[in-house]
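Notes for the one structure printed next.
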Amino acid sequence: MNGKITDEILDQLRTFIDLVDVVSPYVQLKKSGRNYFGLCPFHSEKTPSFSVSPDKQIYYCFGCGAGGDAIKFIMDIEQLTFIEAVKHLADQVNLPLPDLEVSEEVKDAELQQIRDSLDLAAKLYHHVLMNTPFGEVGRRYLEKRNIMKETVYEFQIGYAPDSFQFLLPFMKKRGFTEEILEKAGLISIKEETGRAFDRFRHRLMIPIHDAQGRIIGFGGRLIDGDGPKYLNSPETRLFQKRLHLFNLHRARSPIRKEQQVVLFEGSIDVISAWQAGIKTVVATLGTALTDHQASLIKRNTQNVVLCYDSDNAGQSASVKGLEILREQDCTVKIAQMPIGLDPDDYIRRHGGDLFKEEIIAGALPSVAFTLESLKRNFNLKDEDARMKYLSQAVGVIADLPKPIEQEHYLQKLSNEFGLSLEALKEECRRERKKKRRQQERKQKSYKKGQGIEAKTRSSKHSVTEMSERHLIAHMMRSGKVTEWAKEKIGAEFHTEIYTALAAYIYAYYEQGYPEDVSRFIQSLPDDSLKSKASELQMIELPDHPSETELNDHLKNIKTVPILEQIMEKEQQIKTLAESDPIQAAQISVEIMKLKAKLK
Numbered sequence: 001m002n003g004k005i006t007d008e009i010l011d012q013l014r015t016f017i018d019l020v021d022v023v024s025p026y027v028q029l030k031k032s033g034r035n036y037f038g039l040c041p042f043h044s045e046k047t048p049s050f051s052v053s054p055d056k057q058i059y060y061c062f063g064c065g066a067g068g069d070a071i072k073f074i075m076d077i078e079q080l081t082f083i084e085a086v087k088h089l090a091d092q093v094n095l096p097l098p099d100l101e102v103s104e105e106v107k108d109a110e111l112q113q114i115r116d117s118l119d120l121a122a123k124l125y126h127h128v129l130m131n132t133p134f135g136e137v138g139r140r141y142l143e144k145r146n147i148m149k150e151t152v153y154e155f156q157i158g159y160a161p162d163s164f165q166f167l168l169p170f171m172k173k174r175g176f177t178e179e180i181l182e183k184a185g186l187i188s189i190k191e192e193t194g195r196a197f198d199r200f201r202h203r204l205m206i207p208i209h210d211a212q213g214r215i216i217g218f219g220g221r222l223i224d225g226d227g228p229k230y231l232n233s234p235e236t237r238l239f240q241k242r243l244h245l246f247n248l249h250r251a252r253s254p255i256r257k258e259q260q261v262v263l264f265e266g267s268i269d270v271i272s273a274w275q276a277g278i279k280t281v282v283a284t285l286g287t288a289l290t291d292h293q294a295s296l297i298k299r300n301t302q303n304v305v306l307c308y309d310s311d312n313a314g315q316s317a318s319v320k321g322l323e324i325l326r327e328q329d330c331t332v333k334i335a336q337m338p339i340g341l342d343p344d345d346y347i348r349r350h351g352g353d354l355f356k357e358e359i360i361a362g363a364l365p366s367v368a369f370t371l372e373s374l375k376r377n378f379n380l381k382d383e384d385a386r387m388k389y390l391s392q393a394v395g396v397i398a399d400l401p402k403p404i405e406q407e408h409y410l411q412k413l414s415n416e417f418g419l420s421l422e423a424l425k426e427e428c429r430r431e432r433k434k435k436r437r438q439q440e441r442k443q444k445s446y447k448k449g450q451g452i453e454a455k456t457r458s459s460k461h462s463v464t465e466m467s468e469r470h471l472i473a474h475m476m477r478s479g480k481v482t483e484w485a486k487e488k489i490g491a492e493f494h495t496e497i498y499t500a501l502a503a504y505i506y507a508y509y510e511q512g513y514p515e516d517v518s519r520f521i522q523s524l525p526d527d528s529l530k531s532k533a534s535e536l537q538m539i540e541l542p543d544h545p546s547e548t549e550l551n552d553h554l555k556n557i558k559t560v561p562i563l564e565q566i567m568e569k570e571q572q573i574k575t576l577a578e579s580d581p582i583q584a585a586q587i588s589v590e591i592m593k594l595k596a597k598l599k
């Protein structure tokens with residue numbers, strides 16, 4: 001029987017789920033007062049500004065403004081539609097859902113068209129590669145790279161012919177508009193002429209999937225000729241490179257089973273390793289590893305082997321990736337590729353078994369890799385350079401949390417350079433004290449800055465706006481306050497977003513809904529409104545405002561703006577008294593009207 005996601009179902013879901021439990025697999029939360037705090041999963045930050053309220057069942061990031069309830073969180077973190085997020089949460093708490101009507105599944109017609117266009121394009125490219133004369137060049141290339149037919153089918157690899165008008169007319173004949181195809185990243189349009197043409201030409205086409213296995217874009221590998229070697233789809237509604245990992249949907253189960261992931265730089269490395277029987281492999285998508293990608297990895301395993309190219313760029317990327325993964329509390333090892341070989345080269349030359357035994361199993365622990373990387377910056381035959389290296393190496397070791405780890409690496413330095421272990425330990429103790437003092441100074445400076453920032457923030461809001469903020473926050477929590485505000489203020493809020501929120505709050509209570517902040521926020525139709533509503537609910541306010549507080553808000557909203565207008569006009573009169581007495585007299589009349597309005 002077909003059905004819909006009704007309010008009753010959503011109410012049941014809210015009863016069963018706890019937002020702290022929903023967020024915890026993605027964010028390391030620590031309780032502070034009534035709320036929980038952690039590093040925001042939606043933007044890069046060093047200091048926790050992501051707050052979860054278990055009482056109100058909402059979250060808000062004071063850094064980037066992301067906010068909402070459990071459904072909104074899952075939609076954003078997993079890149080799901082509303083229906084998919086509800087299903088995801090319902091599955092977690094074993095809440096049965098009705099079979100959904102098609103119209104419920106496809107609420108966003110444009111997004112569905114974009115998905116359909118990508119699916120059809122993938123099928124076309126794959127057909128061209130496997131079954132047409134156009135694909136001969138692609139088949140020869142794959143044969144040269146030792147990529148077997150089974151692998152081509154598994155990854156749905158295709159070929160885009162060397163033509164500006166191959167995909168475009170095919171898709172248009174099947175009802176896809178140029179606007180949709182451009183939004184899917186399949187075509188480009190010249191600004192000067194408005195002429196549309198295929199984005200991918202003479203390239204091996206590798207579909208890129210999201211974590212649920214849906215195609216969101218393509219990686220195009222140039223077969224020969226001019227142009228960038230690799231070309232990914234542009235940023236679209238579905239495809240944001242920083243949010244996804246190539247092959248995660250296939251590798252997730254093996255990664256969780258083996259509790260290890262191997263992270264490559266490119267999709268060809270992944271395909272080659274997968275074909276060789278190494279299934280725990282993923283890759284970034286043409287960018288450096290991002291915090292969000294590191295968070296995706298952490299959800300599946302803490303153990304990461306970074307396997308980047310052996311050139312300077314690859315080593316530099318390893319260092320940066322190592323730092324980002326360690327911030328996620330991952331245990332990281334770095335595989336050392338032989339000079340001149342990338343993972344795909346090595347596997348084709350030596351096979352998958354040797355790659356696992358020599359490269360993956362021989363990966364260096366993060367500290368050992370960091371110390372080896374440091375060495376490259378110094379001529380260790382020179383005494384001064386050697387002492388500088390040792391000083392920096394001890395600094396790295398001093399950051400290690402466990403004394404046993406510190407002793408292990410200090411012992412290695414002692415053996416390697418013929419130095420007293422006790423002298424190195426003493427140097428390590430000094431370094432730790434120095435770092436502690438620096439950290440204390442930073443914390444003092446941060447707290448001082450927070451105080452200044454809080455004062456600055458409050459000064460940015462006028463008295464009127466502050467009252468609007470607090471009143472809207474109270475209205476969301478209380479139907480009684482809402483009734484009072486509707487009678488006394490109505491729609492006469494001065495800040496646009498608060499006017500909009502007030503209208504939605506009035507409508508919410510008029511429809512008979514209960515006092516439930518999370519439910520109200522979910523009912524809002526716009527992400528910016530959800531974010532602002534979540535922000536307001538994080539303000540520390542008394543549960544029940546006094547009559548005095550409400551009247552103060554009323555005065556600030558109704559009278560302060562008029563008083564400000566009167567003061568401004570009185571200043572204008574002083575300026576115009578001699579130069580333009582007629583206009584000054586007109587302004588005096590306006591002031592009288594404003595004063596009458598006050599009464």
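According to UniProt numbering, the residues represented by the sequence shown are 1 to 599, in order. Glycine included, every Cβ here is placed at the ideal spot set by N, Cα and C.
How long is the line joining the alpha carbons of Leu-111 and Gly-175, rounded to whole angstroms?
So the two alpha carbons sit approximately 15 Å from each other.
Among the residues of its own chain, which have a CB less than 8 Å from the CB of Asn-377, if the five just before and after it don't count?
Correct list, in chain order: Tyr-389.
Return the chain-ordered ranges of every alpha helix (DSSP H) run that is complete within the segment 86 to 142 and spans a minimum of 4 residues.
The qualifying runs are 102 to 105 and 109 to 131.
By how many angstroms is the C-alpha of Gln-439 removed from the C-alpha of Arg-250?
Going from the Cα of Arg-250 to the Cα of Gln-439 covers about 42 Å.
Could you tell me the boundaries of the beta strand (DSSP E) in which Val-261 lies?
Element bounds for Val-261: 261 to 264.
Suppose only complete runs of 4+ residues qualify. What are the alpha helix (DSSP H) ranges in the UniProt domain "Toprim" (259 to 340), listed by chain order?
Fully enclosed alpha helix (DSSP H) runs of 4 or longer: 267 to 275, 291 to 300 and 312 to 327.
Just curious, the alpha helix (DSSP H) that Tyr-159 is in, first and last residue?
Tyr-159 -> not in any alpha helix (DSSP H); beta strand (DSSP E) instead, spanning 158 to 160.
One question on the structure: do Val-128 and Pro-161 come within less than 8 Å of each other, judged by their Cβ atoms?
Contact: yes.
With DSSP collapsed to three states, give me the class of Phe-50.
Phe-50 falls in the strand class under three-state DSSP.
Classify Gly-68 as helix, strand or coil using the three-state DSSP reduction.
Correct three-state label for Gly-68: strand.
Have a look at Val-22 and Ala-70 and give me their C-alpha separation to the nearest angstrom.
Roughly 7 Å between the two C-alpha positions.
Under 8 Å by Cβ, that's how I've got Val-517 and Arg-477 pegged, so tell me the actual separation to the nearest angstrom.
Going by Cβ atoms, the distance from Val-517 to Arg-477 rounds to 6 Å, so yes, they are a contact pair.
Over what stretch of residues does the alpha helix (DSSP H) that includes His-244 continue unbroken?
Element bounds for His-244: n/a, residue is neither H nor E.
Should Gln-293 and Arg-256 be called a contact, given that it needs their Cβ atoms to be closer than 8 Å?
Against a cut-off of 8 Å, the Cβ pair of Arg-256 and Gln-293 comes out as no contact.
Leaving out five residues before and five after Ser-117 in sequence, what residues of the same chain have Cβ atoms less than 8 Å from its Cβ?
So the qualifying residues of the chain are Met-171, Phe-176, Ile-180, Leu-181, Ala-184 and Leu-186.
Have a look at the DSSP bridge pairing and note the partners of residue 608.
This structure cannot speak to residue 608, because the chain is shown only from 1 to 599.
Report back the beta-carbon spacing between Ala-335 and Leu-306 to the nearest angstrom; my notes put them in contact at under 8 Å.
Confirmed, about 7 Å.
If you reduce the DSSP assignment to three classes, tell me which class Ala-485 lands in.
Looking at Ala-485 - three-state DSSP - the assignment turns out to be helix.
Pick helix, strand or coil for Gln-511, following the three-state DSSP scheme.
Three-state result, Gln-511: coil.
How far does the alpha helix (DSSP H) with Ala-533 in it extend, from its first residue to its last?
Run containing Ala-533: 527 to 537, per the alpha helix (DSSP H) assignment.
DSSP three-state label for Gly-352, please.
Helix at Gly-352.
Along the chain, where does the beta strand (DSSP E) that runs through Pro-542 open and close?
First-last for Pro-542: undefined, no H or E at that position.
Whose C-alpha, out of Phe-164, Ile-189 and Gly-225, is nearest the C-alpha of Arg-201?
Closest by alpha carbon: Phe-164.
How far does the alpha helix (DSSP H) with Tyr-26 in it extend, from its first residue to its last?
Counting along the chain, Tyr-26 falls outside any alpha helix (DSSP H), and DSSP gives it neither H nor E.
Where does Pro-207 fall in DSSP's three states?
Of the three classes helix, strand and coil, the one that applies to Pro-207 here is strand, per DSSP.
Please report the distance separating the alpha-carbon of Arg-349 from that of Thr-370.
Those two C-alpha atoms are separated by around 28 Å.
Does the structure place the segment 8 to 22 close enough to the segment 254 to 274 that three or more beta carbon pairs sit under 8 Å?
These segments do not touch.
Spell out a yes or no on whether the segment 309 to 327 and the segment 390 to 408 are touching, meaning 3 or more CB-CB pairs, one atom from each, closer than 8 Å.
Taking 8 Å as the limit for Cβ pairs, the verdict is that the segment 390 to 408 does not touch the segment 309 to 327.
What does the Cβ neighbour count give for Thr-464, buried or exposed, with the cut at 16 atoms within 10 Å?
Looking at its Cβ environment, which holds 16 or more other Cβ atoms inside 10 Å, Thr-464 is buried.
Whole angstroms are fine: how far does the CA of Ile-505 sit from the CA of Leu-541?
If you take the alpha carbons of Leu-541 and Ile-505, they lie about 18 Å apart.
Assign His-553 to buried or exposed, taking buried as 16 or more other Cβ atoms, counted over all protein chains shown, within 10 Å of its Cβ.
With 16 or more Cβ atoms within 10 Å of its Cβ, His-553 is classed as buried.
Measuring alpha carbon to alpha carbon, tell me which of Phe-42, Gln-537, Leu-289 and Phe-16 ends up nearest Met-475.
Closest by alpha carbon: Gln-537.
Please look up how many angstroms separate the CB atoms of Gly-67 and Ser-523, rounded, as I've assumed it's under 8 Å.
Rounded, the Cβ-Cβ distance is 14 Å, inconsistent with contact.
Could you check if Ser-534 is buried or exposed, using at least 16 other CB atoms within 10 Å of its CB as the buried criterion?
Label assigned to Ser-534: buried.
Is the beta carbon of Tyr-509 closer than 8 Å to that of Gly-490?
Not in contact: Gly-490 and Tyr-509 (Cβ atoms no closer than 8 Å).
For Leu-222, list the residues DSSP reports as bridge partners.
According to DSSP, which records beta bridges pairwise, Leu-222 is partnered with Arg-203.
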